[in-house]
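These notes concern the structure reproduced below.
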Amino acid sequence: DGIIQQIRRAQTALSAAVGDKDAILSLLDTKWKAVADALPEDTAIVEYFYFNSARRSRAQGRECYGSVVIQHGQSPRIGFTVESKNLEDWLWSFQMRIRKGSGEEVLDRCKRLYDYIWKECEQQFVPGIKRVIISPGALTGHISFASILRPSGRFLGEKYELRYMLS
Numbered sequence: 001d002g003i004i005q006q007i008r009r010a011q012t013a014l015s016a017a018v019g020d021k022d023a024i025l026s027l028l029d030t031k032w033k034a035v036a037d038a039l040p041e042d043t044a045i046v047e048y049f050y051f052n053s054a055r056r057s058r059a060q061g062r063e064c065y066g067s068v069v070i071q072h073g074q075s076p077r078i079g080f081t082v083e084s085k086n087l088e089d090w091l092w093s094f095q096m097r098i099r100k101g102s103g104e105e106v107l108d109r110c111k112r113l114y115d116y117i118w119k120e121c122e123q124q125f126v127p128g129i130k131r132v133i134i135s136p137g138a139l140t141g142h143i144s145f146a147s148i149l150r151p152s153g154r155f156l157g158e159k160y161e162l163r164y165m166l167s
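Going by the numbering used here, the sequence shown opens with residue 1, and the numbers climb by one from there.
Given below as structure tokens:
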């Protein structure tokens, strides 16, 4: 017997012991509307996540990163999506520039980080957002969002009160 078959048997036995797993999972499922209704009007949540894209999308089943923006009185909005390989390569390059680059190169990368992972999220914000709760996922947990440089020349941490939470 292979380990995979043993795991599958154990999962089946666990599911049978638990009973109606969908009913249990639905109790644990936080509904986006409840979260949005509980947010102050000046607050947005940006949650980053890792996923396998739908086969009929242009990424055709590839691994991707994305984000969703949740705000008071609004339906969730997609902030951005990018193939994971592209984001991983770009962040590796970003980290190398921070370690070995000149001050100008580091600032340039901080500006480009805005375009790469933040701009599309910020475009989803309703007017008046002052506080942003960031829920990083996977590789995005290694990013200092406060150091993202906006086109205005101000860092993200200067424009918004940033808070972090686990997904």
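C-beta atoms are modelled at their ideal positions from N, C-alpha and C, and glycine is treated no differently.
Small disclaimer: the values here were computed from a predicted structure and weren't measured.
The alpha helix (DSSP H) that contains residue i, what's its start and end?
| i | result |
| --- | --- |
| Glu105 | Gly103 to Leu113 |
| Trp168 | Nothing about residue 168 can be reported from this structure: the residues present for the chain run from 1 to 167 only. |
Just list the residues that DSSP pairs residue i with in beta bridges.
| i | result |
| --- | --- |
| Gln71 | Ala44 |
| Gly66 | Phe49 and Thr81 |
| Phe170 | Because residue 170 is not part of the residues shown, which for the chain are 1 to 167, the question remains open. |
| Leu181 | With the chain covering only 1 through 167, there is no way to say anything about residue 181. |
Buried or exposed: which applies to residue i, given that a residue is buried once 16 or more other Cβ atoms fall within 10 Å of its Cβ?
| i | result |
| --- | --- |
| Pro136 | buried |
| Gly141 | exposed |
| Ile78 | exposed |
| Trp118 | buried |
My output table needs one value for residue i: the three-state DSSP class, helix, strand or coil.
| i | result |
| --- | --- |
| Ile98 | helix |
| Ile134 | strand |
| Ile117 | helix |
| Ser93 | helix |
With three or more beta-carbon pairs closer than 8 Å as the criterion, would you say the segment 148 to 162 touches the segment 62 to 78? Proximity of the segment 148 to 162 to the segment 62 to 78 falls short of the contact definition, fewer than three beta-carbon pairs being nearer than 8 Å.
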